[in-house]
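Each remark here refers to the structure printed beneath this line.
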C-alpha cells in the first residue's frame, strides 16, 4: 500500500465552481500535510501546509485534515482559469531513516474553463 | 530572497557527455534535495543533503553524482546517462531535513538525453 493515494483526475470545472481535491494516507503517525500546485513545465509551489486535524484557510483555498479517516482535502472557492494546474498532496516523513522524504500523491490535473 | 534557482533551465546531452546541474538558495536553509520527475508523475527523491553532508541516497545509479560545495549550493554531476534519464530534475530546500513547514522547489532543469 502506498503511503499517499490521490485520484489523478483529470478534473474539469467551469470558472466560479468550488473544487474539491482529496488524498488518503496510510500511516496514522503522520502529523503534517502539504498541498503543492504545479503549473506545466514548472516546479511545485507550496500552497498550504497543516498540522494534525482541522481546517486552515488562505484566501480562496481551504485545507482540511481528518486524521480519524486519514483523509486530506483541498477546497478551492470561486475557481479561476489561473488555478488550472496539477495539485499534489504531500506528507513529510518525520522520523528515522526516512526523515526528509516527502511522500507525494500522484497529483490531480485541474482545468478551470472560462 | 525566497527562491531556489536552478540552472540551466534546459539541457540536451549525449550519452557520452559530462554535464552538471546547479542549484542555489539564499534562505539559510540547511537541507537541500534533488528530485527527479517524469511526465505526469510525482517527484521522486534522489538525494538529501543536511548541513552539507549527504544524508540520503535513494539507491541512485552512480552516473548521477551529487555535490554540496557550501550551504547555499547544490550540484548534480551527470555522466554517461541513458535516454530513460530524460526528465525534469528539481532541486528543493527546507529549513532542516524533514522540516514540517514545507519545502521550496526550484523551477527545475528539463534534461533530454539523446
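Residue numbers (the numbering used here), protein chains in the order written: chain A, 8 to 121; chain B, -2 to 111. Virtual Cβ for every residue (Gly too), placed ideally from N, Cα, C. Being a predicted model, the structure only gives us computed values, none of them experimental.
Subject >> Any C-beta of chain B under 8 Å from that of residue 111/A >> reply: Looking up residue 111/A in the first chain gives position 104. Judged by the 8 Å Cβ criterion, residue 111/A is in contact with chain B.
**OP:** Please name the residue or residues paired with residue 110/B in a DSSP beta bridge.
**Re:** By one-based count along the second chain, residue 110/B stands at place 113. Partner(s): 10/B.
**OP:** For residue 116/A, I'd like the list of residues in its chain whose CB is within less than 6 Å of its CB, leaving aside the five on either flank, ordered along the chain.
**Re:** Walking along the first chain from the start, residue 116/A turns up at place 109. Hits under 6 Å: 16, 17, 93.
Subject >> Top-ranked residue by Cα proximity to residue 104/B, from 19/B, 9/B, 13/B >> reply: Along the second chain, one-based indexing puts residue 104/B at 107. Taking only the C-alpha atoms, the option nearest residue 104/B is 19/B.
Original post:
In whole angstroms, what separates the C-alpha of residue 37/B from that of residue 91/A?
Top reply: Your numbering for residue 37/B matches position 40 in the second chain. Your numbering for residue 91/A matches position 84 in the first chain. A direct Cα-Cα distance of roughly 15 Å separates residue 37/B from residue 91/A.
Original post:
Do we get a CB-CB distance below 8 Å when we pair residue 53/A with the residues of chain B?
Top reply: Reading the first chain from its first residue, position 46 is the one you call residue 53/A. Yes - at least one Cβ of chain B is within 8 Å of the one on residue 53/A.
Original post:
residue 44/B lies in the beta strand (DSSP E); which residues open and close that run?
Top reply: By 1-based counting over the second chain, the position of residue 44/B is 47. Run containing residue 44/B: 41 to 47, per the beta strand (DSSP E) assignment.
**OP:** Could you please give the first and the last residue of the uninterrupted beta strand (DSSP E) stretch that includes residue 3/B?
**Re:** As a first step, residue 3/B must be located in the second chain, where it is residue number 6. First-last of the beta strand (DSSP E) with residue 3/B: 1 to 4.
Subject >> Residues that residue 52/B contacts on chain A, provided the C-beta gap is smaller than 7 Å >> reply: As a working note, residue 52/B is residue 55 in the second chain. Neighbours of residue 52/B on chain A, chain order: 107.
**OP:** Step through the CB atoms of chain B and report whether any lies within less than 8 Å of the CB of residue 56/A.
**Re:** The residue you call residue 56/A lines up with position 49 of the first chain. True, the Cβ-Cβ gap to chain B drops below 8 Å.
Original post:
Using DSSP with H/G/I as helix, E/B as strand and the rest coil, what is residue 66/B?
Top reply: Within the second chain, numbered from 1, the residue matching residue 66/B stands at position 69. Correct three-state label for residue 66/B: strand.
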